[in-house]
Amino acid sequence: MSLIQHLQTQLRQGETTSVALVEQYLERIRQREPHIKGYLTVTAETALAQAQEMDARRAQGEDLGWLMGIPMALKDNLCTQGIPTTCASRILQDYIPPYNATVVERLLQAGAVILGKTNLDEFAMGSSTEHSAYQVTANPWDVTRVPGGSSGGSGAVVAAQECVAALGSDTGGSIRLPASFCGVVGLKPTYGRVSRYGLVAYASSLDQIGPLAPTVMDTAIVLQAIAGHDPRDSTSIAAPVPDYAQALTALPPEQPLAGVTLGVIQETLGEGLDPHVRRAFETAVHQLEQLGAQVIPISCPTFATGLAAYYILAPAEASANLARYDGVKYGLRVPAADVVTMYQQTRGQGFGSEVKRRIMLGTYTLSRGYYDAYYLQAQKVRTLIRRDFDQAFTQVQALLSPTAPVPAFPIGSKRNDPLSMYLTDLMTIPVNLAGLPAVSIPCGFTPEGLPIGLQVIGPVLQETRILQIAYAYEQSTPWHRQVPPLVRDG
Ligand code: GLN
17 MSLIQHLQTQ LRQGETTSVA LVEQYLERIR QREPHIKGYL TVTAETALAQ
67 AQEMDARRAQ GEDLGWLMGI PMALKDNLCT QGIPTTCASR ILQDYIPPYN
117 ATVVERLLQA GAVILGKTNL DEFAMGSSTE HSAYQVTANP WDVTRVPGGS
167 SGGSGAVVAA QECVAALGSD TGGSIRLPAS FCGVVGLKPT YGRVSRYGLV
217 AYASSLDQIG PLAPTVMDTA IVLQAIAGHD PRDSTSIAAP VPDYAQALTA
267 LPPEQPLAGV TLGVIQETLG EGLDPHVRRA FETAVHQLEQ LGAQVIPISC
317 PTFATGLAAY YILAPAEASA NLARYDGVKY GLRVPAADVV TMYQQTRGQG
367 FGSEVKRRIM LGTYTLSRGY YDAYYLQAQK VRTLIRRDFD QAFTQVQALL
417 SPTAPVPAFP IGSKRNDPLS MYLTDLMTIP VNLAGLPAVS IPCGFTPEGL
467 PIGLQVIGPV LQETRILQIA YAYEQSTPWH RQVPPLVRDG
């Protein structure tokens, strides 16, 4: 049974209450947060009130499903009514949204209890959560290392069991990378599968919201609650939402992957791949074969160009999206004698260095004379990457790669080396450029005890398929049962 299923069963049988669960998680937060710093805001009071309401409604015979009364956390770029939403930026320091993001609304309707808002790289720009204006989150497996980013707070608090599951956002890997570094499951849905209404925009043609959770089943349950069409997000897809959890239990116990062909993306196995990551990945591929899958090598020749294209496109979109923070309507305002100086000072003091770097890069590639050379070119590369994937999916049902070329790196080691930081996203970014769903699941540890992630990529709207593959793998391996030292030692 997954963690959510286990807790929900206890709740249904009256062995615990939502209030008791929330108190237990708040206690863990009190004990572990001084080491982890994964939360920017803990909403203890509203969480307890919500839990009380869920317990009362349960007592009346109401059952809202798996998430009723379950404590969860939200990345702090998801708008929460009446609760600060900072995007880990000074410019939104005191911003309290007047509305909930659609995903938040859906979780609340499903009865989930919100414990708080998690840390991220400022405006989700980064791979380590070091670019937060407020605090650096530590990796629960080794607190001298980063949790990955940009949803590092969500990854860390799930791994440290400071919530049951969390939401993150993924523009170039920001759910999958922290999942991989923190030893949890993280799923980036198909572009449009989950509404982005109320997600503070980074790069709108790439952003997606998705779950981080301890197991594949938990991930499926959370995805179920948040997926589906939303009239408020014109990019959301109107396709019906399958029963993801049900699909997992439908797999045959023997040879669950018989008849499935998987492709290993050759371009992700080149130099630069950490030897421990390579070994864990190869062992995982072998395990998938044991489960009945046929695994073949697949070449996606344009895969390697993804990173360069992404770092043109994402900053270009970001520079446009971030133009709205001008000190006029909301957020920080640094008063000055005239309006132009006010803009300059507000943005100068409100944004951190990585955000400024992105704004400058984006403004540059969108300016006249450079637009054709950079932006348009990158869009063409994007089309080629999509074609590569389309071609691959005529031969295989899903693709495999390590989630990241390296395990969690030491805090500070890449902070001043943007290029090396960007390279962490090599294997996750092409998936966003093509709008595909992908999941990262734990597939082993380095000798130092750092988690390693396996990425399973599927065709558009095939979340069920990648979850099934991930589930079959997970059920036959011990990795998801390991807990970080901090949890083990209480
Ligand atoms: N690390 C990538 C970036 O900095 C991806 C971030 C994300 O997915 N939000 O843009």
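For the sequence shown, counting from 1, position 142 maps to 158 in this note's numbering; every step adds exactly one.
Glycine included, every Cβ here is placed at the ideal spot set by N, Cα and C.
State the DSSP-derived secondary structure class of residue i, mapped to helix, strand or coil.
| i | result |
| --- | --- |
| Y207 | coil |
| F354 | Checking the displayed sequence, the identity of residue 354 turns out to be Asp instead of Phe. D354: coil per DSSP, three-state reduction. |
| L289 | coil |
| Y218 | coil |
| R431 | coil |
| Q411 | coil |
| P426 | strand |
| A243 | strand |
| N116 | coil |
| A36 | helix |
| T134 | strand |
| N155 | strand |
| R349 | coil |
| V344 | coil |
| S436 | helix |
| M141 | coil |
| V201 | strand |
| V397 | helix |
| Q68 | helix |
| D249 | coil |
Counting only the same chain and skipping the five closest in sequence on each side, list residues whose C-beta sits under 8 Å from that of residue i.
| i | result |
| --- | --- |
| E43 | none |
| N116 | C95, T96, Q97, L124 and G214 |
| D79 | R28 |
| V159 | H51, I52 and L502 |
What number of angstroms, rounded off, separates the C-alpha of residue i from the C-alpha of residue j?
| i | j | result |
| --- | --- | --- |
| I237 | Y359 | 44 Å |
| G171 | V200 | 7 Å |
| V119 | M70 | 19 Å |
| P412 | R48 | The amino acid at residue 412 is misidentified as Pro; the sequence shows Val. Spanning the two alpha carbons is a distance of roughly 43 Å. |
| V311 | Q76 | 51 Å |
| R122 | M88 | 13 Å |
| A104 | Q303 | 40 Å |
| I457 | P230 | 9 Å |
| S369 | T419 | 27 Å |
| Q177 | R384 | 50 Å |
| G142 | S166 | 5 Å |
| L382 | A217 | 18 Å |
| Q471 | T357 | 47 Å |
| P331 | P113 | 25 Å |
| L416 | G189 | 15 Å |
Let me make sure I understand the geometry here. Which of the options has the alpha-carbon closest to that of residue i?
| i | options | result |
| --- | --- | --- |
| G343 | V35, R106, H245 and G208 | R106 |
| P234 | S335, A414, Y341 and G202 | The amino acid at residue 234 is misidentified as Pro; the sequence shows Asp. Considering only alpha carbons, the answer is G202. |
| D110 | R398, V422 and L56 | L56 |
| I52 | V173, D433 and G428 | V173 |
| A507 | A67, E464 and T444 | Nothing about residue 507 can be reported from this structure: the residues present for the chain run from 17 to 506 only. |
Suppose the cutoff is 6 Å on Cβ atoms and the five residues either side in sequence are ignored; what does the same chain contact list for residue i look like?
| i | result |
| --- | --- |
| S315 | Q282 |
| V24 | Correcting the residue identity first, residue 24 is Gln in this sequence and not Val. Only W82 meet the Cβ criterion. |
| P446 | F319, G322 and I401 |
| Q365 | V350 |
| A296 | C459, G460 and I468 |
| V309 | Val is not the amino acid found at residue 309; the sequence shown has Ala there. Counting only Cβ-Cβ distances below 6 Å, and skipping sequence neighbours, we find L273, V276 and L278. |
| Q361 | V350 and A352 |
So, for residue i: in the same chain, excluding its five sequence neighbours on each side, which residues have a beta-carbon less than 7 Å away from its beta-carbon?
| i | result |
| --- | --- |
| S211 | T118, V119, D246, R248, D249 and S252 |
| S436 | K430 |
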